[in-house]
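Asks: According to our numbering, the sequence shown holds residues 87 to 352 in order.
Idealized CB from N, CA, C, for every residue including glycine.
The structure follows.
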Amino acid sequence: MTALALDLGTARIRLLLSGSTTIRERPSACGDPEARRWPVRHGMVADMPGCARLVRTALSDAVTERHPPLERVLLGVPVAASRLDRRAAYAAVSSAARCRVTIVEEPLAAAVGCGVDIADPRPRLLLDAGAGIAEAVVIRAGEIADAGAVQVAGQVAGQVGAGEPAEGAGCPPYARERVVAMVADLIARVPAALRATVRQQGLLITGGGARDPELARKLCAELRITVSPVADPANATVRGLACLLGTSGSSGTSAIGRKDIDDDHQ
């Protein structure tokens with residue numbers, strides 16, 4: 087079976103085929119160079135036809151004639167994605183890939199991608215800092231127990247002339263403050279009996295924003311918690327999705343079924 091892990095980010099799209107270790111990536115842009123559009127905004131699909139074209143182009147580079155037909159795509163979406171956001175992502179990817187699409191929450195995939203045992207009953211804190219959205223989550227027993235999100239893009243992706251969203255450029259100062267406040271609030275919401283465990287295990291940072299040393303310093307200083315940016319943080323989500331490809335009906339994954347799609351036409 088040919089299956090694919092797909093991380094549809096605001097700035098970059100990343101793909102990893104089952105059985106391969108080569109991550110393919112390209113800017114999350116479509117259209118002519120002089121009129122490029124960025125169909126993913128703050129981690130969500132804002133332009134469905136544009137996103138479908140983007141995925142189709144990326145697939146044509148990754149899945150060649152020497153590969154068997156694609157049978158399954160594991161697609162990452164933000165935890166903050168609404169039901170409509172998830173339907174839009176599902177529709178764009180399924181129309182381009184023409185195969186089964188399963189949705190997985192990106193911070194959960196990122197945790198798998200950096201070696202976290204997500205089945206551990208002890209809660210673990212992770213910050214997934216992407217180019218368009220930063221999400222802090224508490225992972226426990228294979229699920230996301232609680233989460234918060236902050237939009238961090240300095241530019242409005244998806245609009246002609248807006249410029250390219252810059253992955254790994256670091257959070258602007260206003261966004262750093264909001265991210266720190268979000269993580270602090272998330273820790274405060276952890277049940278008192280588990281809070282010491284969360285703090286003891288520290289905070290992992292994934293996503294391109296993990297390369298921002300000022301963000302890590304600020305989190306460490308203000309929250310008084312160990313902060314650890316992971317190795318190769320921008321690829322953590324797609325690596326985790328690839329690890330999950332071998333599982334079926336994994337905890338924390340949510341497929342959008344036929345009924346959900348039909349509801350749009352009723």
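Report, in whole angstroms, the separation of the C-beta atoms of Leu194 and Ile230, which I expect to be a contact under 8 Å.
Replies: For this step, residue 194 is matched to residue 108 along the sequence shown. For this step, residue 230 is matched to residue 144 along the sequence shown. Yes, Leu194 and Ile230 are in contact; Cβ-Cβ is about 6 Å, under 8 Å.
Asks: Along the chain, where does the beta strand (DSSP E) containing Glu157 start, and where does it finish?
Replies: Here the question's residue 157 lines up with position 71 in the sequence shown. Its beta strand (DSSP E) spans residues Leu156 to Val163.
Asks: Looking only at DSSP bridge pairs, what is Ile230 linked to?
Replies: The sequence position of residue 230 within the sequence shown is 144, counting from 1. Under DSSP, the beta-bridge partners assigned to Ile230 are Ile225.
Asks: By DSSP's criteria, Met130 is part of a beta bridge. Which residues make up the other side?
Replies: Here residue 130 refers to the residue found at position 44 when the sequence shown is read from its first residue. BP columns for Met130 point to Arg127.
Asks: What distance in whole Å lies between the Cβ atoms of Ala282 and Ile291, which are believed to be in contact at a cut-off of 8 Å?
Replies: Taking the first residue of the sequence shown as position 1, residue 291 is located at position 205. Taking the first residue of the sequence shown as position 1, residue 282 is located at position 196. 21 Å between Cβ atoms; not a contact.
Asks: By how many angstroms is the C-alpha of Val149 removed from the C-alpha of Thr143?
Replies: Taking the first residue of the sequence shown as 1, we reach residue 143 at position 57. Taking the first residue of the sequence shown as 1, we reach residue 149 at position 63. One C-alpha to the other measures close to 10 Å.
Asks: So, for Leu92: in the same chain, excluding its five sequence neighbours on each side, which residues have a beta-carbon less than 6 Å away from its beta-carbon?
Replies: Working through the sequence shown from its first residue, we reach residue 92 at position 6. Counting only Cβ-Cβ distances below 6 Å, and skipping sequence neighbours, we find Leu101, Val159 and Leu161.
Asks: Please report the straight-line C-alpha distance between Gly234 and Ile99, rounded to a whole angstrom.
Replies: Along the sequence shown, one-based indexing puts residue 234 at 148. Along the sequence shown, one-based indexing puts residue 99 at 13. Each residue's Cα considered, the two are about 23 Å apart.
Asks: Alpha carbon to alpha carbon, how far is Ala115 from Ala320? Give it in angstroms, no decimals.
Replies: Counting from 1 along the sequence shown, the entry for residue 320 is found at position 234. Counting from 1 along the sequence shown, the entry for residue 115 is found at position 29. Using only the alpha carbons, I get a separation of about 18 Å.
Asks: Return helix, strand or coil for Gln245, following the three-state DSSP convention.
Replies: Taking the sequence shown and counting its residues from 1, the one referred to as residue 245 is at position 159. Bear in mind that the predicted position of Gln245 carries a pLDDT of just 42, short of 50, making it unreliable; the figure below should be weighed with that in mind. Correct three-state label for Gln245: coil.
Asks: Along the chain, where does the alpha helix (DSSP H) that runs through Ser314 open and close?
Replies: Counted from its first residue, the sequence shown places residue 314 at position 228. Counted as a single uninterrupted DSSP element, the stretch harbouring Ser314 is not any alpha helix (DSSP H) but the beta strand (DSSP E) occupying residues Val313 to Pro315.
Asks: Just to confirm my understanding: we take Ala175, look at its own chain, exclude 5 residues before and 5 after, and list those with CB closer than 8 Å. What are they?
Replies: Counting from 1 along the sequence shown, the entry for residue 175 is found at position 89. So the qualifying residues of the chain are Leu94, Met130, Val131, Cys137, Leu161, Val163, Ala167 and Ile189.
Asks: Look at the alpha carbon of Ile225 and the alpha carbon of Pro315, and state the distance between them as a whole number of angstroms.
Replies: In the sequence shown, the residue the question calls residue 225 occupies position 139. In the sequence shown, the residue the question calls residue 315 occupies position 229. The straight-line gap from Cα to Cα measures roughly 17 Å.
Asks: In this structure, how does DSSP classify Asp203 when only helix, strand and coil are distinguished?
Replies: As a working note, residue 203 is residue 117 in the sequence shown. In the three-state reduction of the DSSP assignment, Asp203 falls in the coil class.
Asks: Please report the distance separating the alpha-carbon of Pro154 from that of Arg184.
Replies: Position 68 of the sequence shown, counted from the first residue, corresponds to residue 154. Position 98 of the sequence shown, counted from the first residue, corresponds to residue 184. Rounded to whole angstroms, Pro154 to Arg184 spans 14 Å at the Cα level.
Asks: Give the range of the beta strand (DSSP E) segment to which Pro113 is assigned.
Replies: For the purposes of this step, residue 113 is taken as residue 27 along the sequence shown, with counting starting at 1. For Pro113, the enclosing beta strand (DSSP E) has its first and last residue at Arg110 to Pro113.
Asks: Express the C-alpha separation of Cys200 and Leu145 in angstroms, rounding to a whole number.
Replies: Your numbering for residue 145 matches position 59 in the sequence shown. Your numbering for residue 200 matches position 114 in the sequence shown. Straight-line Cα distance between these residues: approximately 25 Å.
Asks: Run the CB neighbour count on Thr312, radius 10 Å, all protein chains shown included, and call it buried at 16 or more, exposed below.
Replies: Against the sequence shown, residue 312 aligns to sequence position 226. With fewer than 16 Cβ atoms within 10 Å of its Cβ, Thr312 is classed as exposed.
Asks: Classify Pro207: buried if its beta carbon has 16 or more other beta carbons within 10 angstroms, exposed otherwise.
Replies: The count along the sequence shown starts at 1 and reaches residue 207 at position 121. Pro207 counts as exposed, since fewer than 16 other C-beta atoms from the protein chains shown sit within 10 angstroms of its C-beta.
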